[in-house]
Amino acid sequence: MPKVTNKTLYYIINGILTCILGGILAFNRAIGIQWLIDIFFLYVILTNILDIFITLFTKEKKLTIFSNILRIIIILVLKTINLTTSLSTSLLISFVGIYQLFEATINYITFYLYYTNKISGKYRYLIDALLYTAFGLGCFFIHRNEYKLQFYLIGAYLFLLGLSLIRDSIFYKSDLGKTQLKRAFRMNLPIFITAFIPMKSLEHINKSTTAKLNETQWKQQGQPADLEVFIHVSDDGFGKMGHVDLCYNNEIISYGCYDALSTHLGGSIGDGVLFKVDRNQYIEFCKVESNKTLFCYGLSLSPKQKEAVDKKIDELHQLLIPFNPSGKIVNEKANLPMYSYRLKQATNAELYKFKASKFKKYFVMSTNCVLLADTIIGQAGIDILSLRGFINPGTYLNYLEKQYQRPNSIVISKTIYQ
Numbered sequence: 004m005p006k007v008t009n010k011t012l013y014y015i016i017n018g019i020l021t022c023i024l025g026g027i028l029a030f031n032r033a034i035g036i037q038w039l040i041d042i043f044f045l046y047v048i049l050t051n052i053l054d055i056f057i058t059l060f061t062k063e064k065k066l067t068i069f070s071n072i073l074r075i076i077i078i079l080v081l082k083t084i085n086l087t088t089s090l091s092t093s094l095l096i097s098f099v100g101i102y103q104l105f106e107a108t109i110n111y112i113t114f115y116l117y118y119t120n121k122i123s124g125k126y127r128y129l130i131d132a133l134l135y136t137a138f139g140l141g142c143f144f145i146h147r148n149e150y151k152l153q154f155y156l157i158g159a160y161l162f163l164l165g166l167s168l169i170r171d172s173i174f175y176k177s178d179l180g181k182t183q184l185k186r187a188f189r190m191n192l193p194i195f196i197t198a199f200i201p202m203k204s205l206e207h208i209n210k211s212t213t214a215k216l217n218e219t220q221w222k223q224q225g226q227p228a229d230l231e232v233f234i235h236v237s238d239d240g241f242g243k244m245g246h247v248d249l250c251y252n253n254e255i256i257s258y259g260c261y262d263a264l265s266t267h268l269g270g271s272i273g274d275g276v277l278f279k280v281d282r283n284q285y286i287e288f289c290k291v292e293s294n295k296t297l298f299c300y301g302l303s304l305s306p307k308q309k310e311a312v313d314k315k316i317d318e319l320h321q322l323l324i325p326f327n328p329s330g331k332i333v334n335e336k337a338n339l340p341m342y343s344y345r346l347k348q349a350t351n352a353e354l355y356k357f358k359a360s361k362f363k364k365y366f367v368m369s370t371n372c373v374l375l376a377d378t379i380i381g382q383a384g385i386d387i388l389s390l391r392g393f394i395n396p397g398t399y400l401n402y403l404e405k406q407y408q409r410p411n412s413i414v415i416s417k418t419i420y421q
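When the letters of the sequence shown are read in order and numbered with our numbering, they come out as residues 4 to 421.
Okay, here's the thing in structure tokens:
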């Protein structure tokens with residue numbers, strides 16, 4: 004695609020195209036939905052065939068081949084059903100409804116956290132939550148045989164989504180404030196796709212016989228990284244979704260739900276805790292303590308970008324108060340105190356809580372590690388900000404890997420620690 008100099012115009016066009024797609028589904032639903040279904044079926048079949056060839060040539064476990072073949076058979080069966088019945092259409096509409104209710108839940112929780120902490124902009128999340136709820140429930144309560152109304156509903160949703168993209172593109176610059184550098188806009192993949200990117204990357208590393216672990220790969224020797232982005236992946240719980248840290252001036256800056264005594268909903272909500280620690284000490288701690296794989300991407304910043312990053316970090320520091328984690332046993336099965344206590348004992352890390360701001364309360368799906376990292380790294384004008392919805396670690400990993408593959412991008416190095 005040719006380089007687009009006016010990003011606002013570019014994403015206005017994307018909004019218009021989204022509106023057009025909504026119109027196709029609403030008024031020419033048979034053509035629109037069949038096109039989407041065929042593209043999805045073809046994608047699954049081709050990717051699984053490719054996986055089979057890769058597995059054969061790399062001599063991987065036969066179980067991998069079996070799972071690929073099984074997925075192809077399932078897709079072919081669904082395609083056959085699609086040609087003879089309307090079952091796949093019902094499944095698609097049900098899936099859309101479930102996804103909208105999932106988005107609504109995220110927005111309701113985010114609104115509640117913003118409301119209790121008196122954060123501005125909270126009512127936007129409430130409005131989005133109500134809209135998502137209406138469309139989500141509509142997908143289930145319309146009569147099963149009245150597909151015409153269901154497609155009108157999906158088409159209307161896409162049309163409104165396109166309008167929201169156009170709206171945000173036009174007014175986004177004023178929302179950022181004059182102290183920030185200009186940022187580009189990006190339409191990211193849905194959460195249910197990007198959430199699995201870190202885990203898929205970990206599986207790829209574990210299966211690959213050519214992965215260079217603990218060795219930095221530079222696109223240009225002698226060009227040091229000014230800022231590094233660490234993306235953690237593990238096999239446990241929320242670790243499968245990934246976690247994002249930053250390293251600036253050889254110091255790790257990490258944000259998360261590190262006070263286990265304040266958590267709710269299985270650790271998805273709790274007091275937001277930020278810690279700072281020496282880079283090398285932290286890497287060794289993660290490798291030994293948490294059994295994680297770390298994807299590290301190095302970024303090169305201009306003097307103006309460094310100045311903006313410094314200013315944002317200073318602003319965040321004004322909101323912090325010291326936090327001393329408790330040594331109380333929180334994991335009785337392993338007989339261990341909380342993660343932050345073990346980190347402090349092993350590395351002398353400095354831990355803080357927020358006395359104000361949206362980061363006072365952590366929520367894994369919105370006010371999370373990625374939002375804080377994006378608040379800082381966004382000062383460099385990184386083209387990853389999500390206009391609608393929320394950014395997760397998978398979005399960052401997907402973007403940084405693509406930028407690393409480009410010859411002249413801001414991402415200049417990559418290291419995998421395991």
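For glycine and all other residues, C-beta sits at the position ideal for the given N, C-alpha and C.
Here the structure is a predicted model, which is why all the values come from computation and not from measurement.
How many Å lie between residue i and residue j at the Cα?
i      : j      : result
Tyr118 : Ile286 : 37 Å
Ile72  : Lys82  : 15 Å
Ile23  : Leu166 : 11 Å
Ile101 : Ile75  : 25 Å
Ile255 : Glu353 : 10 Å
Asn110 : Ile130 : 9 Å
Leu86  : Ile96  : 17 Å
Lys361 : Val333 : 26 Å
Tyr344 : Phe162 : 49 Å
Ile77  : Leu94  : 14 Å
Leu403 : Val414 : 7 Å
Asp262 : Asn351 : 17 Å
Ser329 : Gln284 : 21 Å
Thr21  : Ile112 : 27 Å
Pro306 : Asp41  : 49 Å
Val312 : Ala228 : 14 Å
Leu374 : Leu322 : 16 Å
Quick check on this structure: which residue in the options has the alpha carbon closest to the alpha carbon of residue i?
i      : options                           : result
Tyr420 : Leu86, Glu353, Leu95 and Val232   : Val232
Asp248 : Ser265, Gly139, Leu230 and Ala263 : Leu230
Lys125 : Phe114, Lys279 and Leu133         : Phe114
Lys121 : Asn371, Lys363 and Ser369         : Lys363
Leu400 : Tyr300, Gly25 and Ala159          : Tyr300
Asn327 : Phe138, Ile379, Leu339 and Tyr355 : Tyr355
Asp317 : Leu20, Ile379, Leu140 and Phe144  : Ile379
Met341 : Glu292, Ile52, Ala137 and Leu140  : Glu292
Met368 : Gln308, Leu322, Ala107 and Leu164 : Ala107
His320 : Gln308, Leu339, Ser305 and Lys358 : Lys358
Ala309 : Gly381, Cys372 and Ile324         : Here the sequence assigns Lys to residue 309, which means Ala is not the residue at that position. Nearest C-alpha to Lys309: Gly381.
Residue i lies in the alpha helix (DSSP H); which residues open and close that run?
i      : result
Leu297 : Here Leu297 belongs to no alpha helix (DSSP H); instead the beta strand (DSSP E) covers Thr296 to Leu302.
Ile380 : Cys372 to Ile380
Cys142 : Lys125 to Phe144
His320 : Pro306 to His320
Ile286 : Arg282 to Phe288
Gln348 : Tyr342 to Thr350
Taking a contact to mean a Cβ-Cβ separation below 8 Å, would you say residue i touches residue j in this structure?
i      : j      : result
Gln226 : Ser303 : yes
His235 : Lys295 : yes
His267 : Pro396 : no
Gly273 : Cys260 : yes
Phe105 : Ala29  : no
Phe288 : Leu346 : yes
Gly26  : Ile169 : no
Gln103 : Phe138 : yes
Gly275 : Tyr365 : yes
Ser257 : Phe278 : yes
Thr370 : Leu116 : yes
Looking at the strands, I want to know which residues DSSP matches up with residue i.
i      : result
Leu277 : Tyr258 and Tyr355
Phe233 : Asp248 and Cys299
Ile272 : His267 and Phe366
With residue i as the anchor, note down where its beta strand (DSSP E) starts and where it stops.
i      : result
Ile415 : Val414 to Tyr420
Lys364 : Lys364 to Phe366
Pro396 : Taken as a continuous stretch (DSSP letters only), Pro396 belongs to no beta strand (DSSP E), being part of the alpha helix (DSSP H) at Pro396 to Gln408.
Leu323 : Leu323 to Pro325
Closer than 7 Å: is that where the CB of residue i sits relative to any heavy atom of the ligand SAM?
i      : result
Asn283 : Judged by which ligands are present, the structure shown has none, so any question about the ligand SAM falls away.
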